[in-house]
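Report on the following structure.
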Amino acid sequence: MTISELKAGASIEMPLLIFQVKAGVTNSKAPYLSITLKDQSGSIEGKLWDVKPAQSEIIEVGKVLVVKGDVINYKDNLQIKINSISLPQQPIDYSLFVNKGPYSKQQLQQYIDSQIGSINNQNLFRIVNSIYRQYHNEIYFSAAAAKNHHEFVSGLATHVYSMLHLANSMCENYKSLNRDLLISGVLLHDIGKVIELKTGPVTEYTVEGKLLGHISISQTIIQQTADQLQIEGQEVTLLRHMVLSHHGQYEFGSPVLPMIIEAEALHFIDDIDAKLTMIEKELQTVKPNEFTSRLFALDNRSFYKHNL
């Protein structure tokens, strides 16, 4: 049985990944834990009441533990009332608890390589090609986020893959866009995430990620690569600007706002792919004619799954 197959009223005993843990205290001062549990099919909230010290010792983010409890309906969402939680008696295959994307590594690499090869501007091509060679393994393994969108193994490459398709369509429609610059921006806008994030059963932020952030790391990688290749000039400045401005607003982490048309286009493409991916993920958790849970990252809105 998987999380996606759970129904209210069921009693379960199954291994699940501890994804997030929050401690609390009831009105009567009894400790409890709110635990986000995951497998490849999805996630579910679990509540463990009156926590015992022996249980606290083994409950740790990134571990797979055997959860025994009852599935209930709480505020229109399924939840597990945990009766007991224990270490598994058999070896665990952690690959069963790592989310995977819709494309194989071969599919992603083949298309991304073709797009790198299509860059005609030699300065941009050399910078992009050098970075993708240096971080090849990390790019095709790393997640694109710790949560919300593309938060799975190969999520970064999947995010880039989707954005490249959008960028090519945009270039066909808006002839003033410099395709080489926009494609290069798509390929490198999140490259710092190979350092910002540690991808695994639970994707976590590294020390560098917390202290510097992927935007700063990305533009530094670009500048260092250009220096190593002895490339100077406008291409380097424009590419760094696109990376620095791709979140589109100061409050979303961009130290500068988009000030060239390709930077504005990159911001829109990134935003479209991230938001539609979040909505698609949530729509998979409900049946037709139902609403999703509220999405905090999308103005706390719910989305209706129609049956057209």
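Mapping of the sequence shown onto the working numbering: position 189 corresponds to residue 201, and the numbering continues sequentially without gaps.
Glycine is no exception: its CB is placed at the ideal position from the N, C-alpha and C atoms.
Note that the C-beta distance between Leu28 and Leu77 is below 9 Å.
No Cβ-Cβ contact shorter than 9 Å links His226 with Ile195. Cα atoms of Lys287 and Tyr173: separation of roughly 15 Å, rounded to the nearest angstrom. Phe153 sits in coil when the DSSP states are folded into three classes, being neither helix nor strand.
A direct Cα-to-Cα measurement between Leu200 and Lys187 gives close to 22 Å. For the pair of segments examined, the stretch 216-231 was found not to touch the stretch 108-128: the number of CB pairs separated by less than 8 Å stays below three. The criterion of a C-beta distance shorter than 9 Å is satisfied by Lys34 and Ser46. Beta-bridge analysis with DSSP links Ile92 to Gly58, Val83. Under the criterion of beta carbons closer than 8 Å, Pro267 and Leu278 do not qualify as touching, at roughly 15 Å.
Under the DSSP assignment, Lys293 falls outside any beta strand (DSSP E), being part of the alpha helix (DSSP H) whose first and last residues are 273-295. An exposed status is given to Ser40, since fewer than 16 other beta-carbon atoms sit within 10 Å of its beta-carbon.
Distance check between Val214 and each of His162, Asn95, Lys117, Trp61 places His162 closest, using alpha-carbon atoms only.
Distance from the CA atom of Met271 to the CA atom of Gly260, rounded to whole angstroms, is 10 Å. Proximity to Thr297 across Ala158, Gly36, Asp88, Ile139 peaks at Asp88, based on C-alpha coordinates. Under DSSP, Val33 shares a beta bridge with Ile47.
Secondary structure in the stretch 156-211: the alpha helix (DSSP H) runs of 4 residues or longer, each lying completely within the stretch, are 167-185, 191-200, 205-208 in chain order. The beta carbons of Ile30 and Ile56 sit no closer together than 9 Å.
Around the beta carbon of Arg313, fewer than 16 other beta carbons lie within 10 angstroms, which makes this residue exposed.
By the CB criterion at 9 Å, Leu60 and Ile15 fall outside the cutoff. According to the DSSP assignment, Gln122 belongs to the alpha helix (DSSP H) that extends over 117-129.
In this structure, the straight-line span from the alpha carbon of Lys293 to that of Ser98 is close to 30 Å. DSSP, read as helix, strand or coil, puts Leu256 in helix.
Residue Asn301 holds the alpha-carbon nearest to the alpha-carbon of Tyr316 among Leu18, Arg145, Asn301, Leu310. Counting every other CB atom within 10 Å of its CB across the protein chains shown gives Asp125 a total below 16, marking it as exposed. By the C-beta density criterion, Arg145 is exposed, having fewer than 16 other C-beta atoms within 10 angstroms.
For Pro65, the enclosing alpha helix (DSSP H) covers residues 65-70. Contact annotation: Leu178 and Ile281 have beta-carbon atoms nearer than 9 Å. Around the beta-carbon of Val165, 16 or more other beta-carbon atoms lie within 10 Å, marking it buried. Secondary-structure assignment with DSSP links Ile97 through a beta bridge to Val79. Assigned with DSSP and collapsed to three states, Ile24 falls in strand.
Taking the Cβ atoms as the reference, Lys80 lies roughly 55 Å from Ile131, outside the contact range of under 8 Å. Considering only Ile104, Val83, Ala158, Ile94, the residue with the shortest C-alpha distance to Lys75 is Ile104.
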